[in-house]
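**Q** Counting the sequence shown from 1 gives a position; our numbering is that position plus 15.
Note that beta-carbon positions come from the ideal geometry of N, C-alpha and C, so glycine has one too.
These numbers come from a predicted model, not from an experiment.
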Amino acid sequence: VQLVESGGGLVQTGGSLSLSCAASGSTFSIKALGWYRQAPGKQRESVASISRGGDTHYADSVKGRFTISRDNAENTIYLQMNSLEPEDTAVYYCNAKVWVGGAWYDYWGQGTQVTVSS
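Structural data, given as structure tokens:
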């Protein structure tokens, strides 16, 4: 499984950005796709995820501001980020949860920088 992210950049507080992640390879084995982020000096944390069936989960810190969506035909997910805050500044990583041979595996994109200026 390969994940290619796009989007991100610099935005002022209160602004919006959109991220996308295209999956390729053995996409049939992907059970869920999602976004994680890692700010300097902090651990990587889950932001949002969406299952193959469309179930979504969000971190409490982004509920009501971020929306994750999925285009199954294109094996692509999107993260619409609104009302951005300086605390959202981080490198955002696309993640794929893959179930193969009775075990879970994580695949990661290269990461894309999101910077929110105050």
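1) Between LYS78 and LEU48, what straight-line distance do the alpha-carbon atoms span, to the nearest angstrom?
2) Looking only at DSSP bridge pairs, what is LEU32 linked to?
3) For the segment 40-56 and the segment 110-120, state whether three or more C-beta atom pairs, one from each stretch, are separated by less than 8 Å.
4) Please report the distance separating the alpha-carbon of ARG80 from that of GLU20.
5) Report yes if the C-beta distance between ASN90 and ALA38 is below 8 Å; otherwise report no.
**A** According to the data block:
1) Stepping through the sequence shown from its first residue, residue 78 is reached at position 63. Stepping through the sequence shown from its first residue, residue 48 is reached at position 33. One C-alpha to the other measures close to 17 Å.
2) Taking the first residue of the sequence shown as 1, we reach residue 32 at position 17. Beta-bridge annotation (DSSP): LEU32 is paired with MET96.
3) Result yes; three or more Cβ-Cβ pairs closer than 8 Å.
4) Reading the sequence shown from its first residue, position 65 is the one you call residue 80. Reading the sequence shown from its first residue, position 5 is the one you call residue 20. Roughly 20 Å between the two C-alpha positions.
5) Taking the sequence shown and counting its residues from 1, the one referred to as residue 90 is at position 75. Taking the sequence shown and counting its residues from 1, the one referred to as residue 38 is at position 23. In this structure, ALA38 lies closer than 8 Å to ASN90 by Cβ.
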